[in-house]
Amino acid sequence: MSMTRCSVCGASTTATWLRGFWSGKSMVSRDVVNSRISLIEQALIVLESVREDGLDNYLSSFETRLMAERALHIAIEACIDMASHVVSVLALGRPASYVDVFKILRDRGLIDTDLAEQMMRMVRFRHRLVHMYSTIDNTLVFRFISEDLKDIRRFVRAMVQIVSST
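The letter at position 43 of the sequence shown is residue 43 when you use our numbering, and the numbering goes up by one with no holes.
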């Protein structure tokens, strides 16, 4: 039996688990989950590179800021997509907003309160990136990159657990 690790969340899996997970026993779409995790992996690579280059480089480079903001947008959007997919296919409720998707997962006991709060905060941050881009505080964005990527990884781990149990 071969052992594999998710490059985003570090969760260890076995080939047997993967075959069972993707065998159709779950209504959760393999393509949806795989494609979103792949996008998150790519976005996190970019964001970690930006973080390693430091705040001064981030603030002085318009191109770096654009790249980082887009990578953040993609990572957060992919988390929203996975959460929305799970809520929909498992018929957990009808969210009225992206924030509601994470409230539903929390209320159903699928993610803990702290993670739900962090993800709801990310949804609001995503809104600022997308709609209030001209007034975004670049130092705040860099702080988010420096401190909050771990929550994206936590969410991916939670999603892996959720879909493996369905």
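In this text, a Cβ means the ideal position worked out from N, Cα and C, and glycines have one as well.
Note that this is a predicted model, so its numbers are computed, not measured.
Spatial neighbours of residue 83 in its chain, beta-carbon cut-off 7 Å, leaving aside the 5 residues before and after: On the sequence shown, position 83 is the one that residue 83 refers to. Result list for residue 83: 101, 102, 105, in chain order.
task: Quick one: residues in its chain with C-beta nearer than 6 Å to the C-beta of residue 32, no 5 flanking neighbours on either side, listed in chain order?
output: On the sequence shown, residue 32 is found 32 positions in, with the first residue counted as 1. These residues qualify, in order along the chain: 85.
message: Can you look up residue 60 in the DSSP assignment and give me helix, strand or coil?
response: Here residue 60 corresponds to residue number 60 of the sequence shown, with the count starting at 1. DSSP places residue 60 in helix when its eight states are reduced to three.
- prompt: Roughly how many angstroms lie between the CA atoms of residue 66 and residue 108, to the nearest whole one?
  reply: In the sequence shown, the residue the question calls residue 66 occupies position 66. In the sequence shown, the residue the question calls residue 108 occupies position 108. Computed Cα separation, rounded: 36 Å.
query: Cα-Cα, which of 68, 48, 50, 120 is closest to residue 80?
result: Your numbering for residue 80 matches position 80 in the sequence shown. Answer by Cα proximity: 120.
- request: Would you mind giving the Cβ-Cβ distance between residue 115 and residue 155, rounded to the nearest angstrom? I have them listed as a contact below 8 Å.
  value: Sequence index remark: in the sequence shown, residue 115 carries index 115 (1-based). Sequence index remark: in the sequence shown, residue 155 carries index 155 (1-based). Confirmed, about 6 Å.
- request: Go ahead and pull the three-state DSSP assignment for residue 116.
  value: For the purposes of this step, residue 116 is taken as the residue at position 116 of the sequence shown. Note: residue 116 maps to helix in three-state DSSP.
message: When you compare the stretch 42 to 53 with the stretch 91 to 99, are there three or more beta-carbon pairs, one atom per stretch, that lie closer than 8 Å?
response: Contact fails between the stretch 42 to 53 and the stretch 91 to 99, because fewer than three Cβ pairs, one in each stretch, are under 8 Å apart.
task: Starting from the Cα of residue 42, find the closest Cα among 133, 72, 63 and give me that residue.
output: For the purposes of this step, residue 42 is taken as residue 42 along the sequence shown, with counting starting at 1. Among 133, 72, 63, the Cα nearest to that of residue 42 is on 72.
Selected residue, minimal CA-CA separation from residue 38, among 78, 129, 137: For this step, residue 38 is matched to residue 38 along the sequence shown. Ranked by Cα distance from residue 38, the options 78, 129, 137 are led by 78.
message: For residue 59, tell me which candidate among 27, 141, 112, 128 has the shortest Cα-Cα distance.
response: For the purposes of this step, residue 59 is taken as residue 59 along the sequence shown, with counting starting at 1. The option with the nearest alpha carbon to residue 59 is 141.
message: Quick check: what's the CA-CA separation for residue 146 versus residue 70?
response: Working through the sequence shown from its first residue, we reach residue 146 at position 146. Working through the sequence shown from its first residue, we reach residue 70 at position 70. Near 16 Å, if we compare the C-alpha coordinates of residue 70 and residue 146.
field: For residue 74 and residue 152, believed in contact at Cβ under 8 Å, the rounded distance
entry: Sequence index remark: in the sequence shown, residue 152 carries index 152 (1-based). Sequence index remark: in the sequence shown, residue 74 carries index 74 (1-based). About 11 Å; that fails the 8 Å criterion.
- prompt: Over what stretch of residues does the alpha helix (DSSP H) that includes residue 153 continue unbroken?
  reply: Residue 153 sits at position 153 when you count from the first residue of the sequence shown. From DSSP, the alpha helix (DSSP H) with residue 153 extends over 149 to 164.
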